[in-house]
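As they're listed, the protein sequences go chains A and B. Quick note: the first sequence uses the working numbering, first residue 4, plus one each step. Quick note: the second sequence uses the working numbering, first residue 2, plus one each step. A virtual CB, placed ideally from N, CA and C, is assigned to each residue, including glycine. Since this is a predicted model, take the numbers as computed values, not measurements. Below: one structure, written as C-alpha cells.
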Amino acid sequence: MGHGGGGALSAELVQHIFAPAFGGEVLAQLGDAATVSLGGARLAFSTDSFVVRPLFFPGGSIGDLAVNGTVNDLAMSGARAAYLSCGFILEEGVEMAVLARVAEALGAAARTAGVEVATGDTKVVEAGHGDGIYINTAGIGLIPAGVDLRPQRVVPGDVVIVSGPIGVHGVAIMSVREGLEFGTGIESDCAALGGLVDTMLAVTPDLHVLRDPTRGGLAAALNEIAAASGTGVVLQERSIPVPPAVANACAILGLDPMYVANEGKLVAFVPREHAEAVLAAMRSHPLGAEACVIGEAVSEHPGMVVARTGLGGTRVVDLPIGEQLPRIC
Amino acid sequence: MQNSEPPVRRRIRVTGVVQGVGFRPFVYKLALTHELTGWVLNDPEGVLIEVTGRAGALRRFGAELTTGAPPQARVDEVLVTELPGLDPQADGFTIRESTHEGRRVTVVPPDAHVCADCLAELRDPADRRYRYPFINCTNCGPRYSIVRQLPYDRAQTTMAAFTMCGPCGREYRDPLDRRYHAQPNACPACGPRLLLADPDGGRWDGEDALAGAARALAAGRIVAVKSVGGFHLAVDARNPEAVARLRARKRRDSKPFAVLARDLATVAGFADFDPAEAELLESSARPIVLVRKRAGGLPETVAPRNPNLGVMLPSAPQHHLLVDREDLDALVMTSGNVSGYPIAYRNEDALAQLFGIADLILFNDREIETRVDDSLVRYSAHPELDRPVVSFLRRARGYAPYPVEVGVELAPLVAYGAELKTTVALAGGTRVYLSQHIGDLKNDETFESHRETARHLAALHELTPRHAAVDLHPQFRATRFALAEQGGAFGRVLQVQHHHAHMASCMAENRLTGRTLGVVFDGAGYGVDGTTWGGEFLLGTYREVRRAAHLRPVPLLGGDRAVKEPVRTGFALALDALDGDTAAVVAAFPVLELLDEQQRHVFGAMARRGINAPLASSMGRLFDGVAALLGVTTHAEYEAQGPIELEGLLGRDLAMSAPAERYRFGCEDTAEVPEIDPRPVVRAVAADLAAGVDTATVARRFHSAVVDMVVDRCRAIAAAEGGTRQVVLSGGVFLNEFLLVNCLVELGRAGFDAYCHRQVPTNDGGIALGQVMVADAMLADPRTEGPGR
Ligand SMILES: [Fe+3]
Ligand SMILES: [Mg+2]
Ligand SMILES: [Zn+2]
Ligand SMILES: [Zn+2]
Numbered sequence: 004m005g006h007g008g009g010g011a012l013s014a015e016l017v018q019h020i021f022a023p024a025f026g027g028e029v030l031a032q033l034g035d036a037a038t039v040s041l042g043g044a045r046l047a048f049s050t051d052s053f054v055v056r057p058l059f060f061p062g063g064s065i066g067d068l069a070v071n072g073t074v075n076d077l078a079m080s081g082a083r084a085a086y087l088s089c090g091f092i093l094e095e096g097v098e099m100a101v102l103a104r105v106a107e108a109l110g111a112a113a114r115t116a117g118v119e120v121a122t123g124d125t126k127v128v129e130a131g132h133g134d135g136i137y138i139n140t141a142g143i144g145l146i147p148a149g150v151d152l153r154p155q156r157v158v159p160g161d162v163v164i165v166s167g168p169i170g171v172h173g174v175a176i177m178s179v180r181e182g183l184e185f186g187t188g189i190e191s192d193c194a195a196l197g198g199l200v201d202t203m204l205a206v207t208p209d210l211h212v213l214r215d216p217t218r219g220g221l222a223a224a225l226n227e228i229a230a231a232s233g234t235g236v237v238l239q240e241r242s243i244p245v246p247p248a249v250a251n252a253c254a255i256l257g258l259d260p261m262y263v264a265n266e267g268k269l270v271a272f273v274p275r276e277h278a279e280a281v282l283a284a285m286r287s288h289p290l291g292a293e294a295c296v297i298g299e300a301v302s303e304h305p306g307m308v309v310a311r312t313g314l315g316g317t318r319v320v321d322l323p324i325g326e327q328l329p330r331i332c
Numbered sequence: 002m003q004n005s006e007p008p009v010r011r012r013i014r015v016t017g018v019v020q021g022v023g024f025r026p027f028v029y030k031l032a033l034t035h036e037l038t039g040w041v042l043n044d045p046e047g048v049l050i051e052v053t054g055r056a057g058a059l060r061r062f063g064a065e066l067t068t069g070a071p072p073q074a075r076v077d078e079v080l081v082t083e084l085p086g087l088d089p090q091a092d093g094f095t096i097r098e099s100t101h102e103g104r105r106v107t108v109v110p111p112d113a114h115v116c117a118d119c120l121a122e123l124r125d126p127a128d129r130r131y132r133y134p135f136i137n138c139t140n141c142g143p144r145y146s147i148v149r150q151l152p153y154d155r156a157q158t159t160m161a162a163f164t165m166c167g168p169c170g171r172e173y174r175d176p177l178d179r180r181y182h183a184q185p186n187a188c189p190a191c192g193p194r195l196l197l198a199d200p201d202g203g204r205w206d207g208e209d210a211l212a213g214a215a216r217a218l219a220a221g222r223i224v225a226v227k228s229v230g231g232f233h234l235a236v237d238a239r240n241p242e243a244v245a246r247l248r249a250r251k252r253r254d255s256k257p258f259a260v261l262a263r264d265l266a267t268v269a270g271f272a273d274f275d276p277a278e279a280e281l282l283e284s285s286a287r288p289i290v291l292v293r294k295r296a297g298g299l300p301e302t303v304a305p306r307n308p309n310l311g312v313m314l315p316s317a318p319q320h321h322l323l324v325d326r327e328d329l330d331a332l333v334m335t336s337g338n339v340s341g342y343p344i345a346y347r348n349e350d351a352l353a354q355l356f357g358i359a360d361l362i363l364f365n366d367r368e369i370e371t372r373v374d375d376s377l378v379r380y381s382a383h384p385e386l387d388r389p390v391v392s393f394l395r396r397a398r399g400y401a402p403y404p405v406e407v408g409v410e411l412a413p414l415v416a417y418g419a420e421l422k423t424t425v426a427l428a429g430g431t432r433v434y435l436s437q438h439i440g441d442l443k444n445d446e447t448f449e450s451h452r453e454t455a456r457h458l459a460a461l462h463e464l465t466p467r468h469a470a471v472d473l474h475p476q477f478r479a480t481r482f483a484l485a486e487q488g489g490a491f492g493r494v495l496q497v498q499h500h501h502a503h504m505a506s507c508m509a510e511n512r513l514t515g516r517t518l519g520v521v522f523d524g525a526g527y528g529v530d531g532t533t534w535g536g537e538f539l540l541g542t543y544r545e546v547r548r549a550a551h552l553r554p555v556p557l558l559g560g561d562r563a564v565k566e567p568v569r570t571g572f573a574l575a576l577d578a579l580d581g582d583t584a585a586v587v588a589a590f591p592v593l594e595l596l597d598e599q600q601r602h603v604f605g606a607m608a609r610r611g612i613n614a615p616l617a618s619s620m621g622r623l624f625d626g627v628a629a630l631l632g633v634t635t636h637a638e639y640e641a642q643g644p645i646e647l648e649g650l651l652g653r654d655l656a657m658s659a660p661a662e663r664y665r666f667g668c669e670d671t672a673e674v675p676e677i678d679p680r681p682v683v684r685a686v687a688a689d690l691a692a693g694v695d696t697a698t699v700a701r702r703f704h705s706a707v708v709d710m711v712v713d714r715c716r717a718i719a720a721a722e723g724g725t726r727q728v729v730l731s732g733g734v735f736l737n738e739f740l741l742v743n744c745l746v747e748l749g750r751a752g753f754d755a756y757c758h759r760q761v762p763t764n765d766g767g768i769a770l771g772q773v774m775v776a777d778a779m780l781a782d783p784r785t786e787g788p789g790r
C-alpha cells in the first residue's frame with residue numbers, strides 16, 4: 004500500500020479511517036500538531052514515527068530525524084518544544100553498537116533543539132518483523148500568546164516564503180539507499196526549526212501559517228494549505244531555490260524537486276505588510292540564511308497550487324498521489 | 002396550375018447540416034423554379050417544407066433537394082409525408098419565421114472557407130466589398146467559431162455587436178440574394194475591421210493595417226495574425242532568417258511548421274501532391290494537408306528531418322489578401338501561443354502575450370466565441386486498399402463539431418477524453434458530437450476551456466448529460482474533476498480503460514458490433530492492473546475486453562522524463578536485450594556514449610531496481626527507443642518526435658523490406674497472456690549497425706517487423722479464440738502511415754476484416770468517442786456497479 008507517500012492516500016486514511024474511529028474535536032483539526040488547552044495554557048502536542056532506511060545518512064541519522072521531526076511539527080504551531088517522549092521498536096538482532104550510536108545522535112539532537120527527553124519505552128520484535136530500529140516520538144510545547152498559525156488564516160495577498168533550498172534531504176537519502184553516485188555536496192538538511200520560528204515570531208506574532216515540507220515535499224505542503232485555506236497559491240517557478248546538485252540528481256532520476264522531502268526547511272504564509280521584515284529576520288538566522296519569497300496566495304483557483312514557468316506558461320502543482328504515474332500518451 | 006391533373010400537397014422534413022448554410026433560399030428558389038406553392042422554415046429539428054403542386058414537379062423538387070443542395074449543407078435525411086387536401090391559404094411560396102420549440106438536434110455548421118463568388122467580389126474593384134477581409138455569404142464564412150447559442154441567428158453570434166447597414170440589411174432580407182440570412186453578413190461600412198498593433202502602442206486599421214502587416218512579413222518580420230479560430234504566428238516561408246528568428250523566439254528547433262500557400266500552383270513549387278490531395282487542400286474545410294516535400298523548395302528549417310510539409314490554402318479572405326502579393330506567396334503559420342498556453346483567441350490575451358514573439362499583431366474586432374485550431378490531415382493510398390485512408394492528425398476547424406453517427410441510441414453522456422490532445426464528446430440520440438482538438442489539460446487555461454467546451458457543446462445541442470465517462474488514470478485532471486462531481490452534476494462517472502476506449506472509438510466510427518480484436522498501440526495508458534500499457538491486443542466488445550497479448554514491458558527511466566528523452570528508453574531496451582551489461586550496451590549502440598558515466602550508472606541502477614522507473618508495455622516507447630538507438634532522436638522537443646523522425650527515414654515509401662531481411666519479434670506463448678518480445682529485434686538492429694547497414698534500411702526492417710508481428714499475432718489469437726476476423730487498429734502509433742497502411746493490407750491478405758480511423762483521430766483526440774461507447778455499454782449492463790440509470 005502506497006499510503007506512506009505523504010500525499011493524497013495518507014490524507015485519505017486519516018479522513019476515512021482514523022478521524023471517524025477516534026472522533027474528538029482536536030483530531031478534526033488535522034494539523035501536524037494539535038493545539039490543546041490545559042490548565043489555562045495553550046499547548047501544541049504532536050507525535051511522529053520514523054522508519055527511515057538507512058539508519059545513518061550524510062547529514063544525519065534516524066536519531067536526528069526522531070527529534071527534529073517532532074520538534075518541527077510543534078514549531079509549525081509556533082510552539083517551542085519542551086518535552087519529548089521516545090519509543091524504540093527494535094528488531095531482534097540489531098547491533099548494540101548501532102543502537103548506541105542512534106541513541107547518542109538522538110540525545111545530541113535533543114540538546115541542540117533545547118528539548119528534554121522526559122519519558123520513553125522499548126519493545127523488541129522478532130527478527131524479520133522490523134527494519135532494525137523504528138522510533139516514535141511525541142512532544143509537547145507552549146504556544147506563545149497571540150500566536151495562531153492555521154491555514155484558515157491565509158488570505159489572498161499573503162507572501163509565501165521558503166526558508167532555504169529544497170529537495171536536499173530526499174535526494175541524500177535516495178542516493179545512499181540506492182547506491183547512486185551523486186557525489187558529495189548532497190547532505191540531509193535535517194535540523195530543528197524552533198529557533199528560526201522564534202526569530203520570525205519576534206518580528207510579528209501575526210504569521211498566518213507555517214509548514215515543514217517533509218514527505219511529499221513543497222508540493223504536498225502547499226496543496227494542504229491551499230485546500231484547507233480555500234485560497235489559491237501562485238508560485239514563480241524560477242524563484243524556488245534548488246541547489247544545482249539536487250537539480251542534477253532530480254533531472255537524472257526524473258523527479259520534480261517540489262515533491263522531494265525536506266527535514267530542516269519551512270514554508271511560511273506571511274501577511275504582505277510583514278513579509279519584508281520577516282524575510283530579513285529569517286536571513287539573519289543560520290537556518291534561514293537562504294530564505295526567499297517564492298509566491299503568493301491569490302483569490303483565483305481556490306484550493307489549487309499553480310506555478311508560473313520561466314517561459315510564461317502555467318502548470319498545476321498537483322498533490323502527489325503515491326508514485327507519479329506516466330501520463331504522456 | 003393550368004394542368005388538369007389535381008395538385009398534391011406534401012410535407013418534407015430535411016435534417017443534417019441545413020441551417021446557416023443557405024438552405025431556405027435554396028428551397029425558395031427551387032420552389033419558384035418548379036412553380037410550387039407553400040412555405041419553408043427552420044425549426045430545431047432542421048428544415049421543414051410544405052409544398053403544393055403537380056406530382057411530377059414535386060418529384061423533381063424532392064430529388065433536387067439533395068442533389069442541388071448548397072455547398073456547405075450536409076443532408077442526412079429527407080422525409081416526405083403526403084398531406085390530405087389543399088392548403089386553402091396556399092398562395093405563392095414564402096420563407097416563414099423560425100420556430101424554436103421541440104427537441105434541438107440541428108447541427109452547428111463548421112467554419113468554411115470563403116466561396117468562389119465571394120472571392121470574385123473580393124477581387125473586383127467595382128464591388129462594394131472590394132478587398133473587404135470579412136466578406137462572406139450563406140455559402141461560406143465563419144460558423145462554429147462565432148456561434149454562442151442555437152438556433153443559429155445573428156443575435157446569437159459574436160456578430161451581434163455589428164448592426165447591418167442599409168444595403169447589407171436588404172441583402173439579408175432578400176430570399177433571392179446570396180446573403181439572405183447570412184448571419185455574419187458585413188461590409189466595410191458596417192462590419193468588423195482589421196487592426197494592426199505594434200508593441201509601442203502604434204495602431205493602424207483597415208487597408209493600412211493589412212498593408213503594414215504584409216510589408217513587415219515581406220521584410221522578414223514576425224506577425225501574429227488573427228485567423229478564423231485563433232491567432233497564428235506568421236513569417237515569410239521563403240526567408241530562412243525569418244524562419245530561424247521564429248524558431249528562436251518560439252524556442253522550437255525541430256517541430257515542423259505548417260505553410261499557408263497562395264494557391265495550388267504555389268504549392269506545386271515546393272511539394273508534390275495527388276489530385277485527391279489537391280481536392281482536400283481546396284475543400285471548404287481548408288485543413289493542413291501533409292504533402293510530400295520537394296527538395297530545394299522551401300528552407301529545410303521549415304520542417305526539418307521530415308519528408309512531409311504541412312500545407313494549407315487560405316481559409317479566410319484576409320489570408321488571400323496577405324499572400325496575393327508579388328513579394329509574398331507562402332507564409333509559415335504556426336500556433337499563436339506562448340509555450341505552455343493554448344492558442345490565443347481573445348484580442349486582449351494576444352496583445353498581452355504575443356509581443357514577446359511577434360513584432361506586430363494583425364487582429365480585428367470580431368470576437369471568436371470558440372477557439373478552433375487548424376485541422377491536420379494526411380491522405381494515404383495503396384493499390385491493395387479498396388479506398389484510400391484520410392487520417393486526421395488533428396480534427397478541429399472545418400470539421401468540428403460535426404457529429405459521428407454511430408447507429409445506436411445512446412445514454413445521455415459526456416466524455417472528457419484523456420489528458421493530452423483532448424477532445425470532449427457528447428452523446429445525443431444516435432450521434433456523438435465530438436469537439437475540436439482542445440489540448441493538454443495539465444495547463445490550467447486549457448483545462449478551463451475543456452470544461453467550457455463541454456458546456457458550450459451541450460448548450461448548443463440542448464443536451465443534458467446525466468453521466469460522465471473519463472479515463473481510468475487516477476491522476477488525470479478530468480478524471481479527478483468528474484469523480485469529485487459524482488452524485489451531483491453527474492449521476493454516475495464511468496472510468497474507461499484507455500486502450501479499450503481507443504478500440505471502441507474505432508469500432509464506433511466503423512459501426513462495428515460484436516466480438517472484435519483491437520490492436521491498440523500508443524504511448525501510454527493506465528492499465529486495469531495499475532501498470533502502464535501501450536502495446537495491446539485486446540479482445541472483446543464495447544462492454545468488456547481482455548488482454549489477448551501485449552508487448553514486453555520496459556522500464557521508463559524517470560517516468561515521463563523518458564518520453565522527453567528517448568535515449569533513456571533506448572538505454573533500457575538495450576540493457577534488457579543485451580542482458581544488463583552497461584559496457585556491452587554502449588559498445589553495441591555508439592550513440593549511448595553521449596550519456597556520461599554518472600548517467601549510465603544511475604540509469605542502470607534505476608532499471609535494475611525500479612527506482613522511479615515504472616514498467617510500460619508501450620509500442621510508442623519501443624519506437625522511441627529504436628529511434629534513439631539509431632541516433633535519430635535522442636531528445637524529443639515535441640511529442641512523438643522519435644517515432645515521427647524514424648518514420649521520416651522511410652521517405653513515405655510504403656514498400657516492406659524483403660521477407661528474408663526483416664527482423665522478427667519473439668513471443669512468450671506459454672505466459673497466461675502471451676508477451677511479445679522485442680529483444681531479438683533490438684539485437685538484430687545492433688548487428689545491422691555493426692555491419693554498417695544504413696539507418697534508413699534499419700528503420701524499414703524495423704517497421705516491417707512490427708507489421709509482421711501484428712499479422713502473426715492476430716492469426717494466433719484468431720486461431721486460439723475460434724476465429725474472430727474483425728480487427729480494428731487504433732492508438733497514436735497508427736498515425737504512422739507505413740504501419741497503418743501495411744497492417745491494413747497484410748491483415749486483408751491474411752483474411753481479416755481490418756478497420757482503421759477515418760472520421761476521428763487515431764490518437765487520444767479520438768478517445769472521447771470510445772469513452773462514450775464503452776460507458777454506454779456499461780450503463781446498459783446490470784452488472785455495472787452503482788445506482789441505476
Ligand atoms: Fe492513447
Ligand atoms: Mg511530521
Ligand atoms: Zn461566399
Ligand atoms: Zn454593411
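To the nearest whole angstrom, what separates the beta carbons of residue i and residue j, a pair I think is in contact under 8 Å?
{"i": "A:G235", "j": "A:V320", "result": "Not quite, the Cβ-Cβ distance comes to about 11 Å (not below 8 Å), so this is no contact."}
{"i": "B:D360", "j": "B:V224", "result": "7 Å"}
{"i": "B:L552", "j": "B:G536", "result": "3 Å"}
Report yes if the C-beta distance between residue i and residue j is below 9 Å; otherwise report no.
{"i": "B:V1", "j": "B:A509", "result": "There is simply no residue 1 of chain B to check, as chain B begins at 2 and stops at 790 in what is shown."}
{"i": "B:L414", "j": "B:H468", "result": "yes"}
{"i": "B:Q487", "j": "B:L473", "result": "no"}
{"i": "B:E638", "j": "B:D154", "result": "no"}
{"i": "B:A629", "j": "B:P567", "result": "yes"}
Note down, in chain order, every chain A residue with its Cβ under 9 Å from the Cβ of residue i.
{"i": "B:N444", "result": "G316, T317, R318 and V319"}
For a contact meaning CB atoms closer than 9 Å, what does residue i contact in chain B?
{"i": "A:V309", "result": "D445"}
{"i": "A:E181", "result": "V603, A606, M607, R610 and I612"}
How would you write the range of the beta strand (DSSP E) that residue i sits in, first residue to last?
{"i": "B:E537", "result": "T533 to G541"}
{"i": "B:R493", "result": "That residue, B:R493, is in no beta strand (DSSP E); it is neither H nor E in DSSP."}
In chain B, which residues lie less than 8 Å from residue i when you measure between Cβ atoms?
{"i": "A:E184", "result": "Q599, H602 and V603"}
Taking 8 Å as the cut-off, is the beta-carbon of residue i closer than that to any non-hydrogen atom of ligand 6?
{"i": "B:D765", "result": "As presented, the structure is devoid of ligand 6, carrying ligand 1, ligand 2, ligand 3 and ligand 4 as its sole ligands."}
Closer than 8 Å by beta-carbon distance: list the chain A residues that pair up with residue i, in chain order.
{"i": "B:L558", "result": "G257"}
{"i": "B:L261", "result": "The premise fails here: B:L261 is roughly 25 Å from chain A at the closest Cβ pair, so nothing lies under 8 Å."}
Check whether the region 479 to 493 of chain B touches the region 703 to 715 of chain B, taking contact to mean three or more Cβ pairs, one atom from each stretch, closer than 8 Å.
no
Count the C-beta pairs between the region 252 to 270 of chain A and the region 615 to 624 of chain B that are closer than 8 Å, then say yes if the count reaches three, no if not.
no
Would you call the region 271 to 279 of chain A in contact with the region 157 to 164 of chain A, where contact means no fewer than 3 C-beta pairs closer than 8 Å?
yes
Is the region 65 to 74 of chain A touching the region 137 to 150 of chain A in the sense that three or more CB pairs, one from each, lie closer than 8 Å?
yes
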